[in-house]
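Chains as they are written, first to last, in the numbering used here: chain E, 1 to 114; chain R, 1 to 116.
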Amino acid sequence: GAVVSQHPSRVICKSGTSVKIECRSLDFQATTMFWYRQFPKQSLMLMATSNEGSKATYEQGVEKDKFLINHASLTLSTLTVTSAHPEDSSFYICSALIQADTQYFGPGTRLTVL
Amino acid sequence: AQSVTQPDIHITVSEGASLELRCNYSYGATPYLFWYVQSPGQGLQLLLKYFSGDTLVQGIKGFEAEFKRSQSSFNLRKPSVHWSDAAEYFCAVAPLELGSWGKLQFGAGTQVVVTP
């Protein structure tokens, strides 16, 4: 099946710094990627839809200035957590949409903000 | 409001026994329905999906799911579990509307533990 990678797999940063997470589709092109957030022992919550060549669309309650998304190419979307705080600590997962009913997920990035 | 409910947070099953995971949804119209499995260190893997047609869907790893419109359910089953089936299982739905494709709403997940 198709492969989606994320980098880094885990990151620890100090409060107030910004962190960039990359999501790459390795063997296919994706005009649409998604970013999800998963708290410990909880489900995934859709944060935003990343569209190649256009602005991301954010779900209700997600701060677009806090979570900057850039989809500069058909194989790369980045999520930047700006001025990170401990409450931003979470597991961030991206996915890439191939068809209306098919998306492939990355392995996730564990963010810990001290 | 749209919702996806997985009533069982945690299930323990013996190896070789059957497994059924429940999923109920509340949506305006029948959405795309999915079951994913999440293992530590790995991305979510699609087990199976349903949109229309035969209400009994076969997936990978010996899993199947049955869509029941009258009950708004999409339960996942496996006749005989293997130790490698221990993982977190998520039911998910996605709307059919153009522009919303792929925007998955996940249930809370069911943690499956397999005992010898």
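We treat Cβ as the ideally placed atom computed from N, Cα and C, and that holds for glycine.
As the structure is a prediction and not an experimental result, all values here were calculated from the model.
Option in the options with minimal Cα separation from residue i
| i | options | result |
| --- | --- | --- |
| glutamate 59 of chain E | E:Phe105, E:Thr102, E:Leu44 and E:Cys23 | E:Leu44 |
| arginine 77 of chain R | R:Ser26, R:Ile60, R:Ala1 and R:Arg69 | R:Ile60 |
| aspartate 88 of chain E | E:Gly106, E:Val19 and E:Thr78 | E:Val19 |
| cysteine 94 of chain E | R:Ser72, R:Lys103 and R:Tyr89 | R:Lys103 |
| glutamate 15 of chain R | R:Leu44, R:Leu48, R:Pro79 and R:Pro95 | R:Pro79 |
| proline 40 of chain E | R:Gln71, R:Glu66 and R:Glu88 | R:Glu88 |
| serine 5 of chain E | E:Val113, E:Lys55 and E:Tyr104 | E:Tyr104 |
| phenylalanine 63 of chain R | R:Ser73, R:Leu33 and R:Leu19 | R:Leu19 |
| threonine 78 of chain E | E:Gly61, E:Gln99, E:Lys55 and E:Ile98 | E:Lys55 |
| phenylalanine 51 of chain R | R:Gly41, R:Gln6, R:Ala29 and R:Val37 | R:Ala29 |
Any C-beta of chain R under 7 Å from that of residue i
| i | result |
| --- | --- |
| leucine 74 of chain E | no |
| tyrosine 88 of chain E | Residue 88 of chain E is actually aspartate in this sequence, not tyrosine. It does not; no Cβ of chain R falls within 7 Å. |
| glycine 106 of chain E | yes |
| aspartate 101 of chain E | yes |
| leucine 44 of chain E | yes |
| leucine 26 of chain E | no |
| leucine 97 of chain E | yes |
Anticipated Cβ contact below 8 Å, residue i with residue j, distance rounded
| i | j | result |
| --- | --- | --- |
| valine 112 of chain R | isoleucine 11 of chain R | 5 Å |
| glutamine 105 of chain R | glutamine 2 of chain R | 6 Å |
| isoleucine 69 of chain E | alanine 84 of chain E | Contact doesn't hold; Cβ gap of about 15 Å is too wide. |
| serine 9 of chain E | alanine 96 of chain E | Rounded, the Cβ-Cβ distance is 17 Å, inconsistent with contact. |
Cutoff 7 Å: residue i Cβ touching any chain E Cβ
| i | result |
| --- | --- |
| glutamine 42 of chain R | yes |
| alanine 108 of chain R | yes |
| tyrosine 32 of chain R | yes |
| glycine 122 of chain R | Since the first residue of chain R shown is 1 and the last is 116, residue 122 of chain R is not available in this structure. |
| lysine 61 of chain R | no |
| lysine 49 of chain R | yes |
Which residues DSSP lists as bridging residue i, in chain order
| i | result |
| --- | --- |
| glutamate 66 of chain R | R:Leu56 and R:Asn75 |
| alanine 48 of chain E | E:Trp35 and E:Tyr58 |
| cysteine 91 of chain R | R:Trp35 |
Q: For the region 2-30 of chain E, list the alpha helix (DSSP H) runs that are entirely contained and at least 4 residues long, ordered along the chain.
A: none
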